[in-house]
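If you're matching them up, the sequences are chains A and B in order.
For any residue, its number in the numbering used here is found by taking its place in the first sequence, counting from 1, and adding 369.
For any residue, its number in the numbering used here is found by taking its place in the second sequence, counting from 1, and adding 6.
Yeah, the Cβ is synthetic: ideal placement off N, Cα and C, and Gly gets one too.
Below is one structure, written out as structure tokens; comments come after it.
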Amino acid sequence: MRLLLVEDDRMIAESVRKGLRQEGFAVDWAQDGRAAELLLQSENFDLLLLDLGLPRKDGLEVLRALRSQNNPLPVLILTARDAVADRVKGLNAGADDYLVKPFDFDELVARIHALLRRQAGRGDPLIRYGPLILNPITHETLFNGAPLALSARELALLEAFLDRPGAVLSIAYLQEKMYGLDDDVGSNTVEVYIHALRKKLGSGFIRNVRGVGYMVPRLP
Amino acid sequence: MKSIRRALLLWLSAGLLAGIAVAAGLTYYQAREEANELFDYQMKRMAASLPHSAFAPLASLPGNEFDIEEDVVIQIWDKTGIPIYLSQRHPTLPQRAELGFANVTTPDGVWRVYSAQLGGTVVQVAQPLSARRAIAAQTALRMTLPLMALLPFMGGLIWLAVGRGLAPVQRIAHEVQTRDSTSLSPISNSGLPEEIEPLAHALNDLLARLERSIGVQRAFVADAAHELRTPLTALKLQVQLVERAPDERERKAAIADLKQGLERASHLVQQLLTLSRQEADVAESAFRRVDLLDIARLVVGEHAPIAAQRHIDLGIEEAEPTPVFGDFEALRMMLGNLVDNAVRYTPPHGRIDVAVSPSGGKAMLSVTDNGEGIPEEDRQRVFDRFYRREGAQPRQGSGLGLAIVRNIVERHRGEITLGTGPGGRGLRASVQFPLAEMSPSPE
């Protein structure tokens with residue numbers, strides 16, 4: 370899952386980024402409103418973490434511009450503005466959730482997962498696919514009832530597939546889901562992780578569509 | 007406690023009583039004069055109407071013709087001095103008297119005596135003066151009594167009038183008493199008597215000033231609380247990252263971040279404290295003669311290591327002794343903040359000049375750098391608390407440095423202006439203070 374964090378305070382941004390990476394998210398960081406808009410236009414994100422008091426362009430304006438383009442991207446506002454009127458304003462401008470600083474990191478992670486789950490149209494916090502049960506919050510994975518050890522990257526890749534079963538996903542798309550812009554990505558890294566997943570889940574689990582990409586078939 | 011109502015009542019009653027007393031006195035004297043004239047005339051008439059040639063002894067007196075009182079004594083003598091008539095004996099009256107009116111003192115009081123020669127007899131009519139005085143006193147009393155009866159009525163009227171006149175004061179007191187501590191809206195002065203209006207006006211003036219200063223304090227606290235959220239958020243996250251660190255290496259890195267976060271938070275708190283202290287401290291008790299040049303040397307010395315680290319050439323350009331009257335520590339903090347800002351915003355290999363000199367009766371101090379400068383439209387707003395310019399490197403400082411500087415400058419009745427350095431580049435902060443006398447200080 371790839372997130373965009375818009376936050377003008379370097380210390381907060383670095384901490385959030387570090388923590389979310391440990392949780393297996395790919396996180397990009399924009400320091401002001403304009404940089405955020407540029408990134409939103411050029412990249413695909415699964416969720417936006419938005420501060421309101423931003424230099425160059427206010428967070429609410431970024432949000433309004435995004436919604437005026439009918440972009441359904443889940444948006445979680447992170448701000449020091451704690452008045453009820455501010456929260457109402459933020460939610461009415463199109464935010465999906467509102468978290469007041471100083472917030473608890475665990476709560477931030479829980480809210481991110483809740484928003485992503487809602488976006489995927491799932492009610493169940495567990496992702497189930499045949500004999501596979503995946504908990505995106507605790508990262509526990511059960512395969513045929515037995516625990517399965519997966520690295521953070523493998524998990525991110527698996528989630529990207531299970532998010533859209535039946536769809537053929539390009540290497541570029543998968544790469545985007547796994548890595549932020551600043552992450553070092555080797556040329557065939559995605560293939561390496563696909564290979565690792567196939568080894569753990571069986572070779573038929575992820576199928577190659579030549580010249581297009583990879584897919585996990587829709588279950589009957 | 008003093009009561010306007012009681013005092014007014016007392017003074018007005020006293021005045022009224024004095025007036026009544028004076029009136030009674032005047033009436034008494036006037037009535038006595040009139041009584042004197044009247045009775046003298048009566049005595050004269052009485053004497054004249056007596057028989058011209060009385061023959062002794064007279065059996066009766068035609069006293070019935072006159073309505074004379076008991077205490078009128080009539081005596082008649084013939085020319086040899088033998089009394090031929092005595093209306094009633096009065097042992098102490100003189101036997102003979104001069105003709106005409108006379109006051110004669112007897113052991114029974116003063117008597118008015120009228121003597122007249124009528125043919126061969128001498129007639130004397132006498133009356134005690136106390137009778138006349140009693141009549142005068144009665145007249146005066148008759149006039150005074152109704153006034154005395156009016157007195158309680160007047161008192162009641164005064165009591166009511168003063169009460170009515172002071173009712174607006176009661177109303178204001180009640181209004182002020184029932185409002186809560188946060189309500190500083192002005193007192194309504196409609197219907198106030200003009201004697202009390204200045205009081206309400208002064209009170210409203212005070213309330214307005216109070217509201218302003220409380221507003222400033224509230225804004226400060228709100229700003230401070232808001233600004234503290236950012237470093238606190240960072241700290242909270244940094245602590246949680248330390249807890250979650252998967253291995254020793256990550257934990258060490260997280261702790262290093264946490265230390266930085268703590269440093270930033272304590273710097274902000276320190277600056278907030280400084281600012282609130284500067285805003286509260288209006289006393290000039292700590293003021294004494296200080297030389298700005300000493301301060302400049304000290305501050306430049308303090309910042310030299312950081313400047314050198316960033317390859318910035320920091321030095322004093324103009325260095326003349328410039329005495330001012332002020333608070334040494336505050337002035338040092340002011341210049342420290344200016345130089346600190348210059349070091350922060352000047353790129354490596356830049357140059358910062360501090361200049362100190364007396365000029366035109368003013369103490370001039372300036373800090374000039376050749377960094378980016380500040381666009382003209384932002385030059386006033388940078389003095390606001392927590393103001394950060396758009397496009398400037400976000401959140402490098404606390405956002406309070408220049409607010410502190412301005413406070414200190416204003417406390418020293420100085421002025422600060424921002425302009426550009428030589429050639430329109432960079433930033434020059436110029437401060438001017440009133441110059442202290444050039445005489446060497448006794449220290």
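Straight-line Cα distance separating residue j from residue i
{"i": "B/Arg177", "j": "B/Leu16", "result": "25 angstroms"}
{"i": "B/Leu212", "j": "B/Glu181", "result": "16 angstroms"}
{"i": "B/Pro400", "j": "A/Leu460", "result": "In this prediction, B/Pro400 has a pLDDT of 46, which is less than 50 and means its spatial position is unreliable; what the coordinates show is noted afterwards. If you take the alpha carbons of B/Pro400 and A/Leu460, they lie about 26 angstroms apart."}
{"i": "B/Ala435", "j": "A/Thr448", "result": "34 angstroms"}
{"i": "A/Gly573", "j": "A/Gln488", "result": "28 angstroms"}
{"i": "B/Ala108", "j": "B/Leu147", "result": "28 angstroms"}
{"i": "B/Gly420", "j": "B/Val437", "result": "7 angstroms"}
{"i": "A/Leu429", "j": "A/Ala462", "result": "7 angstroms"}
{"i": "B/Leu205", "j": "B/Ala173", "result": "14 angstroms"}
{"i": "B/Asp263", "j": "B/His355", "result": "29 angstroms"}
{"i": "A/Arg533", "j": "A/Asn413", "result": "15 angstroms"}
{"i": "A/Arg390", "j": "A/Leu519", "result": "15 angstroms"}
{"i": "B/Leu320", "j": "A/Arg371", "result": "46 angstroms"}
{"i": "A/Asp473", "j": "B/Ala230", "result": "21 angstroms"}
{"i": "A/Gly571", "j": "A/Phe530", "result": "15 angstroms"}
{"i": "A/Ala454", "j": "B/Gly429", "result": "49 angstroms"}
{"i": "B/Ala313", "j": "B/Ser191", "result": "52 angstroms"}
{"i": "B/Ser66", "j": "B/Ile88", "result": "Annotation note: pLDDT 46 at B/Ser66 (below 50); position unreliable, coordinate value reported separately. B/Ser66 and B/Ile88: Cα-Cα distance of roughly 17 angstroms."}
{"i": "A/Lys458", "j": "B/Arg218", "result": "29 angstroms"}
Residue environment, residue i, which counts as buried when at least 16 other CB atoms sit within 10 Å
{"i": "B/Ala240", "result": "buried"}
{"i": "B/His309", "result": "buried"}
{"i": "B/Ser189", "result": "exposed"}
{"i": "A/Asp377", "result": "buried"}
{"i": "B/Glu233", "result": "buried"}
{"i": "B/Lys265", "result": "exposed"}
{"i": "A/Gly514", "result": "exposed"}
{"i": "B/Ser121", "result": "buried"}
{"i": "B/Glu382", "result": "exposed"}
{"i": "B/Val227", "result": "exposed"}
{"i": "B/Gly367", "result": "exposed"}
{"i": "A/Pro441", "result": "exposed"}
Own chain partners of residue i with C-beta closer than 6 angstroms, once the 5 adjacent residues on each side are dropped
{"i": "A/Val478", "result": "Glu392"}
{"i": "B/Met149", "result": "Thr33"}
{"i": "B/Leu371", "result": "Leu298, Val362, Val437"}
{"i": "B/Leu408", "result": "Val388, Phe389"}
{"i": "B/Val78", "result": "Gln133"}
{"i": "B/Lys85", "result": "Gly126"}
{"i": "A/Leu511", "result": "Ile502"}
Sub-7 angstroms separation of residue i and residue j beta-carbons
{"i": "B/Pro364", "j": "B/Leu441", "result": "yes"}
{"i": "A/Val434", "j": "A/Ile446", "result": "Sequence check: residue 434 of chain A is Ala here, not Val. No, the Cβ-Cβ distance between A/Ala434 and A/Ile446 is not below 7 angstroms."}
{"i": "A/Ile540", "j": "A/Val559", "result": "yes"}
{"i": "B/Leu281", "j": "B/Ile410", "result": "yes"}
{"i": "A/Leu550", "j": "A/Asp427", "result": "no"}
{"i": "B/Ala41", "j": "B/Arg138", "result": "yes"}
{"i": "A/Ala405", "j": "A/Val385", "result": "no"}
{"i": "B/Ile318", "j": "B/Val306", "result": "no"}
{"i": "B/Ala132", "j": "B/Trp117", "result": "yes"}
{"i": "B/Pro237", "j": "B/Leu274", "result": "yes"}
{"i": "B/Val168", "j": "B/Ile202", "result": "no"}
{"i": "B/Ala260", "j": "B/Ala271", "result": "no"}
{"i": "B/Arg38", "j": "B/Ala155", "result": "no"}
{"i": "B/Phe471", "j": "B/Phe392", "result": "Since the displayed chain B opens at 7 and closes at 449, residue 471 of chain B lies outside it and no answer follows."}
{"i": "B/Leu341", "j": "B/Ile301", "result": "yes"}
{"i": "B/Leu56", "j": "B/Val110", "result": "no"}
{"i": "B/Gly267", "j": "A/Met380", "result": "yes"}
Inter-residue CB distance, residue i and residue j (contact presumed, cutoff 8 angstroms)
{"i": "B/Trp83", "j": "B/Thr127", "result": "6 angstroms"}
{"i": "B/Ala361", "j": "B/Glu324", "result": "4 angstroms"}
{"i": "A/Val375", "j": "A/Asp415", "result": "So it is not a contact: roughly 15 angstroms between Cβ atoms."}
{"i": "A/Val537", "j": "A/Gly490", "result": "Not really, about 20 angstroms apart at Cβ, beyond 8 angstroms."}
{"i": "B/Phe439", "j": "B/Ala369", "result": "4 angstroms"}
{"i": "A/Glu528", "j": "A/Pro505", "result": "6 angstroms"}
Own chain residues within Cβ distance below 7 angstroms of residue i, not counting five before or after
{"i": "A/Asp401", "result": "Asp377, Leu423, Pro424, Arg425, Lys426"}
{"i": "B/Gly432", "result": "Thr374, Asp375, Asn376, Gly377, Gly379, Thr426"}
{"i": "A/Glu523", "result": "Tyr562, Ala565, Leu566"}
{"i": "A/Gln544", "result": "Val554, Val559"}
{"i": "A/Asn577", "result": "Tyr583"}
{"i": "A/Leu408", "result": "Leu373, Asp397, Ala399"}
{"i": "A/Asp451", "result": "Val469"}
Residues near residue i by beta carbon distance below 8 angstroms, same chain, minus five either side
{"i": "A/Gly499", "result": "Leu588"}
{"i": "A/Leu526", "result": "Leu543, Lys546, Met547, Val559, Tyr562, Ile563, Leu566"}
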